[in-house]
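Novice: The numbering used here puts the first residue of the first sequence at 365, with every later residue one more than the last.
For glycine and all other residues, C-beta sits at the position ideal for the given N, C-alpha and C.
Note that the structure is predicted; figures quoted are calculated from it, not measured.
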Amino acid sequence: MTEMSVAAAAAPSAAPRTAPSPAPDRYAPAGRPRLRFAPSPTGYLHVGGARTALFNWLYARHFGGDFLLRVEDTDKARSNEASTRAIFEGLEWLGLTWDEPVVYQGANVARHADDGARMLAAGAVYRCFCTAEELDERRAAAHARHETFTYDRRCDRLAPAEIARLVAAGTPYALRFRVPEGTTGWNDLVHGEIAFPNKDIDDFVVLRSDGTPVYNMAVVSDDIAMRITLVMRGDDHISNTPKQILLYHALGAPLPEFAHLPMIHGTDGKKLSKRHGATAVADYQNQGILPTAMLNFLALLGWSPGGDREIMTVPEMVKLFSPDGLLRKAAIFDLQKLEWMNGQHLSLIALDDLLPRVVPALVAAGLATTESLAARPDWFRALIDLLRVRARTVLDIVRQAEPYLRDVIGYDPEAVAKQWKDREGAASLLALTRTKLAGVTEWTTAALEPALRELAESRGLTAGKIFQPLRVALTGLTVSPGIFDVLVMLGRDRSLARIDAALAYLR
RNA sequence: GGCGGUAUCGUCUAGGGGACUAGGACGGAGCCCUCUCAAGGCUCAAACACGGGUUCGAAUCCCGUUACCGCUACCA
365 MTEMSVAAAA APSAAPRTAP SPAPDRYAPA GRPRLRFAPS PTGYLHVGGA
415 RTALFNWLYA RHFGGDFLLR VEDTDKARSN EASTRAIFEG LEWLGLTWDE
465 PVVYQGANVA RHADDGARML AAGAVYRCFC TAEELDERRA AAHARHETFT
515 YDRRCDRLAP AEIARLVAAG TPYALRFRVP EGTTGWNDLV HGEIAFPNKD
565 IDDFVVLRSD GTPVYNMAVV SDDIAMRITL VMRGDDHISN TPKQILLYHA
615 LGAPLPEFAH LPMIHGTDGK KLSKRHGATA VADYQNQGIL PTAMLNFLAL
665 LGWSPGGDRE IMTVPEMVKL FSPDGLLRKA AIFDLQKLEW MNGQHLSLIA
715 LDDLLPRVVP ALVAAGLATT ESLAARPDWF RALIDLLRVR ARTVLDIVRQ
765 AEPYLRDVIG YDPEAVAKQW KDREGAASLL ALTRTKLAGV TEWTTAALEP
815 ALRELAESRG LTAGKIFQPL RVALTGLTVS PGIFDVLVML GRDRSLARID
865 AALAYLR
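1) Considering only C-alpha positions, which residue in the set Lys440, Tyr423, Asp439 is nearest to Leu432?
2) State buried or exposed for Val753, treating a residue as buried only when at least 16 other CB atoms are found within 10 Å of its CB.
3) Would you please state the rounded distance, in angstroms, between the beta carbons of Val850 and Tyr775? I believe it to be under 8 Å.
4) So, at 7 Å on beta carbons, what are the nonlocal neighbours of Arg823 in its own chain, with the 5 sequence-adjacent residues on each side left out?
5) Examine the Cβ distances between the region 725–735 and the region 682–702 and report whether three or more of them are shorter than 8 Å.
6) Just verifying my parser: in three-state terms, what is the DSSP assignment at His555?
7) Taking a contact to mean a Cβ-Cβ separation below 8 Å, would you say Leu751 touches Pro845 in this structure?
8) For Gly412, does the count of other Cβ atoms within 10 angstroms reach 16, so buried, or fall short, so exposed?
9) Hey, could you find the ends of the beta strand (DSSP E) His624 is sitting in?
10) DSSP has Met596 in a bridge; who is on the other side?
11) Give the straight-line distance between the Cα atoms of Lys811 and Gln708, rounded to the nearest whole angstrom.
12) Spatial neighbours of Val723 within its chain, please: C-beta separation below 7 Å, excluding the five flanking residues on both sides.
13) When the Cα of Thr806 is compared with those of Ala790, Gly855, Arg817, which residue comes out closest?
14) What number of angstroms, rounded off, separates the C-alpha of Tyr612 from the C-alpha of Asn551?
15) Quick check on the DSSP output: the beta strand (DSSP E) that includes Phe541 runs from which residue to which?
16) Terminal residues of the continuous alpha helix (DSSP H) containing Val473?
17) Would DSSP call Asp490 helix, strand or coil?
18) One question on the structure: do Met590 and Val467 come within less than 8 Å of each other, judged by their Cβ atoms?
19) In or out: Gly633 buried (at least 16 other Cβ within 10 Å) or exposed?
20) Arg396 to Ile588, Cα distance in whole Å?
21) Please confirm whether Gly487 and Leu571 have their CB atoms less than 8 Å apart.
22) Going by alpha carbons, who is nearest to Leu838 out of Thr826, Gln783, Arg871, Pro814?
23) Do you know whose CA, among Phe848, Gly840, Val852, Ile847, lies nearest Ala865's CA?
24) Since Leu409 and Ile451 should fall inside the 8 Å C-beta cutoff, what is the C-beta to C-beta distance between them, to a whole number of angstroms?
25) Identify which residue in Val843, Asp567, Val804, Asn420 has its Cα closest to the Cα of Ala765.
26) Is the beta carbon of Gly774 within less than 7 Å of some heavy atom of the ligand PLP?
27) Could you tell me which whole beta strand (DSSP E) segments of length 3 or greater appear in the region 672–752?
28) As a quick exercise: from Arg442, Leu712, Pro720, pick the residue whose alpha carbon is nearest that of Ser404.
29) CB Leu610 to CB Val531, shorter than 8 Å?
30) What residue range is occupied by the uninterrupted alpha helix (DSSP H) comprising Arg817?
31) Counting Cβ pairs, one atom from each stretch, are 3 or more of them under 8 Å apart for the region 554–561 and the region 491–504?
32) Do you know whose CA, among Ala815, Glu788, Ile830, lies nearest Leu801's CA?
33) Using three-state DSSP, classify Ile628 as helix, strand or coil.
34) Go ahead and pull the three-state DSSP assignment for Ala372.
35) Our contact map puts Arg540 next to Val489 with C-beta atoms below 8 Å; I'd like the distance itself, whole angstroms only.
36) Could you check if Val852 is buried or exposed, using at least 16 other CB atoms within 10 Å of its CB as the buried criterion?
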């Protein structure tokens, strides 16, 4: 299987495990919890999937358990290696590390079939000789009569001799679960008691006639094998849960706990999809969102630590996490809030952690090379520290960094129109400024500021009248960090040269 | 259609019978700070889906209605 090669390549380094919280948590699990994130590799890591992974991870880290990853690749038509890789990369970017080698569901088909056989022997399932085509016809017929289709168990009523004959003749058959009478329910960690009358659960197929497992079968068989203690997933799986519980019973396995997380919706209240814009985690990575901000934002979409707490670091989330803060209502993905939150994290993050995110973006934008930035680390650190305050994404920083990294700048038409409206006036002011600046012996904000303010005062001007035209000359823009910081970042020679260039442009 | 789930400002949410004139945050409006832009501070507008109960008292508990979402495959 091609997927196996990916496994070896992507084995993550084991993350240091958080010690079990000493807090008296009334939701604390009895033993060491084991959770898993089980995506299908049919696309990219979706933000909804990322959030499911996050909550599983948070639970495992908070309670000192294991977080496992299982790739559900049994649907060969839709699964592919690129998707598997994308999921790994998304998870790794977010820092959601898993504790054991990745499990590939496709590698377990033998066990799935064996579990089916065990249930056949135990009498929990029966052979169904109906073909998919027949079933489709009957379903369509029922639909035409406005009736709800349920399997009529005709194959369960076959005489033993008939079954033996069919089997001997090599007639293909699927294995169907014989749903017993009664009610199947569980105490969901987020919803509380949920119960389904068994009469509403159709006798579902467990093993197809080609011997491959159907979703619910594969999931239960694998979760048992992986000794999963808490199944935490999207609430679109609520109606699968009674079937799975029935399977656990039939297989004689202890039941895990279940937690069903709400969905994430787009701005129109519908399930988040491509129509709503970016849905892949990688899209946000490319847009300059920090993983910590993404995690923080996702965590708050479906969970609340209580009170007014909003901005949290990852360790804080781990510490604060509790299943009783899990929400039941679907949340709408609000990009603006994500960006605001990213701005907060941009200011919060250690500069040393931010730099590695900015450098590649700068290089990709063609504004610098790794070497050129490494050549003057202190200058670069100061620059980024100056820019990050007014940026919401890494891409904002890149945009703002341009005047400090390029040799030649262009002038924003609007800036020219607004600040250099009177070309002559602007030029003479700039000339004056240049002279003043050239006379400043120490190129520091402390020395530059009094010099320019003095110039303004001597001319009877407000400081802004000097600063704004200067800003355009220096950056080509109307917005920038404080003018003295800009002068210092640019340095004496380049600042003076920029003013000269502006003078040439104006005259 | 059947079954299940959900329901507090536009959005994310606090709230778990009296502390609610319903709090915070994003976004919006405005003010302050200020060399611009951010950041920050302050102010304003903005919500308990509806109807019945239970209770001295309900956003909080129960029932119903409505709306929305999900499932309803030999898909996952």
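Specialist: Taking the structure as given:
1) Residue numbering aside, residue 432 sits at position 68 when the first sequence is read from its first letter. Closest by alpha carbon: Tyr423.
2) Position 389 of the first sequence, counted from the first residue, corresponds to residue 753. By the neighbour-count rule (16 or more Cβ atoms within 10 Å), Val753 is not buried but exposed.
3) In the first sequence, residue 850 corresponds to position 486, counting from 1. In the first sequence, residue 775 corresponds to position 411, counting from 1. So it is not a contact: roughly 15 Å between Cβ atoms.
4) As a first step, residue 823 must be located in the first sequence, where it is residue number 459. For Arg823, where only same-chain residues beyond five positions count, there are no Cβ hits under 7 Å.
5) In this structure the region 725–735 does not touch the region 682–702; the number of beta carbon pairs closer than 8 Å is below three.
6) In the first sequence, the residue the question calls residue 555 occupies position 191. Correct three-state label for His555: coil.
7) Reading the first sequence from its first residue, position 387 is the one you call residue 751. Reading the first sequence from its first residue, position 481 is the one you call residue 845. Contact flag set, yes.
8) Mapped onto the first sequence, residue 412 falls at position 48. Here Gly412 is buried, its C-beta having at least 16 other C-beta atoms within 10 Å.
9) The residue given as residue 624 occupies position 260 in the first sequence. Looking at the DSSP string, the run of the beta strand (DSSP E) that includes His624 is 621–625.
10) Translated into the one-based positions of the first sequence, residue 596 becomes position 232. Paired residue(s): Ala623.
11) Within the first sequence, numbered from 1, the residue matching residue 811 stands at position 447. Within the first sequence, numbered from 1, the residue matching residue 708 stands at position 344. Note on identity: in this sequence residue 811 is Ala, with Lys being the wrong assignment. Distance between the alpha carbons of Ala811 and Gln708 is about 32 Å.
12) Against the first sequence, residue 723 aligns to sequence position 359. Thr734, Leu737.
13) In the first sequence, residue 806 corresponds to position 442, counting from 1. Checking the sequence shown, residue 806 turns out to be Glu, not Thr. Out of Ala790, Gly855, Arg817, Gly855 has the C-alpha closest to the C-alpha of Glu806.
14) Taking the first residue of the first sequence as position 1, residue 612 is located at position 248. Taking the first residue of the first sequence as position 1, residue 551 is located at position 187. One C-alpha to the other measures close to 15 Å.
15) The residue given as residue 541 occupies position 177 in the first sequence. 538–541 is the extent of the beta strand (DSSP E) around Phe541.
16) Here residue 473 is taken as the residue at index 109 of the first sequence, counted from 1. 473–486 is the span of the alpha helix (DSSP H), which, as asked, contains Val473.
17) Stepping through the first sequence from its first residue, residue 490 is reached at position 126. Reading the sequence as shown, one finds Tyr at residue 490 and not Asp. Tyr490: strand per DSSP, three-state reduction.
18) Numbered from its first residue, the first sequence carries residue 590 at position 226. Numbered from its first residue, the first sequence carries residue 467 at position 103. Yes. Within cutoff.
19) The residue labelled residue 633 in the question sits at position 269 within the first sequence. Exposed is the call here.
20) Walking along the first sequence from the start, residue 396 turns up at place 32. Walking along the first sequence from the start, residue 588 turns up at place 224. Distance between the alpha carbons of Arg396 and Ile588: 15 Å.
21) One-based indexing of the first sequence puts residue 487 at position 123. One-based indexing of the first sequence puts residue 571 at position 207. No, these two residues do not count as a Cβ contact at 8 Å.
22) The residue you call residue 838 lines up with position 474 of the first sequence. In terms of Cα proximity to Leu838, the closest of Thr826, Gln783, Arg871, Pro814 is Gln783.
23) The sequence position of residue 865 within the first sequence is 501, counting from 1. It is Gly840 whose Cα lies nearest to the Cα of Ala865.
24) Here residue 409 is taken as the residue at index 45 of the first sequence, counted from 1. Here residue 451 is taken as the residue at index 87 of the first sequence, counted from 1. Yes, Leu409 and Ile451 are in contact; Cβ-Cβ is about 5 Å, under 8 Å.
25) As a first step, residue 765 is located in the first sequence; it is residue number 401 there, counting from the start. Ranking the options by Cα distance to Ala765, first place goes to Val843.
26) Of ligands this structure carries none, so the ligand PLP is not represented either.
27) none
28) Translated into positions along the first sequence, residue 404 becomes position 40. Of Arg442, Leu712, Pro720, the residue nearest in Cα terms is Arg442.
29) Numbered from its first residue, the first sequence carries residue 610 at position 246. Numbered from its first residue, the first sequence carries residue 531 at position 167. For Leu610 and Val531, no; Cβs fall outside 8 Å.
30) For the purposes of this step, residue 817 is taken as residue 453 along the first sequence, with counting starting at 1. Its alpha helix (DSSP H) spans residues 809–822.
31) no
32) What you label residue 801 is simply residue 437 of the first sequence in a count that begins at 1. Per the Cα distances, Ala815.
33) Here residue 628 refers to the residue found at position 264 of the first sequence. Here Ile628 sits in strand by DSSP.
34) Along the first sequence, one-based indexing puts residue 372 at 8. For Ala372, the predicted structure reports a pLDDT of 34, less than 50, and the residue's modelled location is therefore unreliable. A value from the coordinates is still provided. It is helical.
35) Residue 540 sits at position 176 when you count from the first residue of the first sequence. Residue 489 sits at position 125 when you count from the first residue of the first sequence. The pair is a contact, with the Cβ atoms about 6 Å apart (cut-off 8 Å).
36) Within the first sequence, numbered from 1, the residue matching residue 852 stands at position 488. With a 10 Å radius around the Cβ and a threshold of 16 neighbouring Cβ atoms, Val852 comes out buried.
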